[in-house]
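Notes to accompany the following structure.
Number of protein chains: 2
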Amino acid sequence: MPQDTHGDHEAPARAEGFNHARTAQSVALLEDYTEMIDDLIHEHGEARLTDIARLMGVTHPTAAKAVARLKREGLAVSRPYRGVFLTEIGVAMAARVRLRHRVVVDLLVAVGVPAEAAEIDAEGIEHHVSDATLGAFEAFLKARG
Amino acid sequence: MPQDTHGDHEAPARAEGFNHARTAQSVALLEDYTEMIDDLIHEHGEARLTDIARLMGVTHPTAAKAVARLKREGLAVSRPYRGVFLTEIGVAMAARVRLRHRVVVDLLVAVGVPAEAAEIDAEGIEHHVSDATLGAFEAFLKARG
DNA sequence: CGCCAAATGTAGCCACGTCTACACTTTTGT
DNA sequence: ACAAAAGTGTAGACGTGGCTACATTTGGCG
Ligand SMILES: [Mn+2]
Ligand SMILES: [Mn+2]
Ligand SMILES: [Mn+2]
Ligand SMILES: [Mn+2]
Numbered sequence: 001m002p003q004d005t006h007g008d009h010e011a012p013a014r015a016e017g018f019n020h021a022r023t024a025q026s027v028a029l030l031e032d033y034t035e036m037i038d039d040l041i042h043e044h045g046e047a048r049l050t051d052i053a054r055l056m057g058v059t060h061p062t063a064a065k066a067v068a069r070l071k072r073e074g075l076a077v078s079r080p081y082r083g084v085f086l087t088e089i090g091v092a093m094a095a096r097v098r099l100r101h102r103v104v105v106d107l108l109v110a111v112g113v114p115a116e117a118a119e120i121d122a123e124g125i126e127h128h129v130s131d132a133t134l135g136a137f138e139a140f141l142k143a144r145g
Numbered sequence: 146m147p148q149d150t151h152g153d154h155e156a157p158a159r160a161e162g163f164n165h166a167r168t169a170q171s172v173a174l175l176e177d178y179t180e181m182i183d184d185l186i187h188e189h190g191e192a193r194l195t196d197i198a199r200l201m202g203v204t205h206p207t208a209a210k211a212v213a214r215l216k217r218e219g220l221a222v223s224r225p226y227r228g229v230f231l232t233e234i235g236v237a238m239a240a241r242v243r244l245r246h247r248v249v250v251d252l253l254v255a256v257g258v259p260a261e262a263a264e265i266d267a268e269g270i271e272h273h274v275s276d277a278t279l280g281a282f283e284a285f286l287k288a289r290g
């Protein structure tokens, strides 16, 4: 993972995209989990670890470690054997991530990608869409009606 | 990384996108390095480890490990203290990856993303673009002239 | 030719994300 | 109320991708 001691100090222009991609990847997991937890809370009133794990397609210890990282980074809170909840920051991230996810799917569909492929690919693509790109996507979609 | 023992055996539909993204990420590094090595060979006749490292934005031991993985997976060959070369499979991957990279950048630009952001974001996005999506991108671009 | 700088190899550290296996707690059902 | 089932915690293993530090080889140059 991007242990990111610094690394960027004199990277050639060519390397910029790679460094960005590495950074994006390191937050992708946080984004997916916060969005998922937010979804579960809205749908079932709480986010149980088992449900998180099942829907993320991982085993429960993997989800537990992810939640531990969310807590460490101030995005979530939880007490032993109880559900997981998002902090204010976590909720904000979830909202941002959900919007971007939807925009990406819509953009893909708008340019002709089949809905099913759009959903699947968007799950990975979304984490690499910068604000500039997101803005362009929104403008493109708006100009389409 | 996707240690992928199997995992997918009874994943709910919701998890499919996440599993795909994890798999894509596990080959992203191979794709970027093969493309870079191919670039260097075309530009300088050979791909030296130091150049690979510098252009990828990592230290040379990191690049060395990546090359070791490329060799292990049958994508590259090299002898100690000499340059790195791609196998037939490696060359094929590089060609495929380069095409997809270009199509992604073109698509982004076509929908209004600034060129600079398009280049940077494409470096991450490309690895999550399925064949179906790539085909749709190409069709969209063609229909634009 | 021989030396020195640059390139490459290698060892070893760390953080992460995944898993299995097992321990413990909570909930459920009779 | 208690036993069984389900959920959760935790330890430990593994592969990966970063890094630093140091050893070795190559190659160019005086
Ligand atoms: Mn995602
Ligand atoms: Mn998403
Ligand atoms: Mn890339
Ligand atoms: Mn690329």
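As given, the protein sequences belong to chains A and X, one line each in that order.
Counting along the first sequence from 1, when you hit position 144 you're at 144 in the numbering used here, and nothing is skipped either side.
Residues are numbered in the numbering used here as their position in the second sequence, beginning at 1, plus a constant of 145.
All residues carry an ideal CB built from backbone N, CA and C; glycine is no exception.
Every value quoted in this text rests on a predicted model; they were computed, and no experiment measured them.
Task: Residue(s) in a DSSP beta bridge with A/Val97 - done: Note: A/Val97 sits in no beta bridge, so no partner.
TODO: Anything in the segment 225–248 of chain X with a Cβ closer than 9 angstroms to a Cβ of chain A? List those residues in chain order, please.
DONE: none
Open item on the list: Following a CB-centred definition, is A/Ala13 positioned closer than 7 angstroms to any heavy atom of ligand 3?
Closed with: no
TODO: May I ask which residues mark the beginning and end of the alpha helix (DSSP H) holding X/Ala260?
DONE: Ala260 to Ile270
Open item on the list: Could you check whether the Cβ of X/Gly290 sits closer than 8 angstroms to any Cβ belonging to chain A?
Closed with: no
- [ ] Please list the residues of the segment 113–138 of chain A that have a C-beta atom closer than 9 angstroms to any C-beta atom in chain X, keeping them in chain order.
- [x] Cβ contacts with chain X come from Val113, Pro114, Glu116, Ala117, Ala118, Glu119, Ile120, Asp121, Ala122, Glu123, Gly124, Ile125, Glu126, His127, His128, Val129, Ser130, Asp131, Ala132, Thr133, Gly135, Ala136 and Phe137.
- [ ] Consider the Cβ of X/Asp177: report whether some Cβ of chain A lies at a distance smaller than 8 angstroms.
- [x] So yes, X/Asp177 belongs to the interface.
TODO: Could you check which residue in A/His60, A/Val109, A/Thr23 and A/Gly74 has the C-alpha nearest to that of A/Thr34?
DONE: A/Thr34 has its Cα closest to that of A/Gly74, out of A/His60, A/Val109, A/Thr23 and A/Gly74.
Open item on the list: Does the CB of X/Pro206 have a neighbour CB from chain A at under 8 angstroms?
Closed with: no
Open item on the list: For A/Ile89, count the other beta carbons within 10 Å of its own beta carbon; 16 or more makes it buried, fewer makes it exposed. Which is it?
Closed with: exposed
Open item on the list: Measuring only the C-alpha atoms, how far is A/Gln3 from A/His20?
Closed with: Here A/Gln3 scores only 49 on pLDDT, less than 50, and its place in the model should not be relied on; the value that follows carries that caveat. Rounded to the nearest angstrom, the two C-alpha atoms are 13 angstroms apart.
Open item on the list: Could you check whether A/Val111 and X/Val256 sit closer than 8 angstroms to each other, using their CB atoms as the reference points?
Closed with: Taking 8 angstroms as the Cβ cut-off, X/Val256 and A/Val111 qualify as a contacting pair.
Task: Under 8 angstroms from the C-beta of X/Val310: neighbouring residues of chain A - done: No statement about residue 310 of chain X is possible, as the shown extent of chain X runs from 146 to 290 and does not include it.
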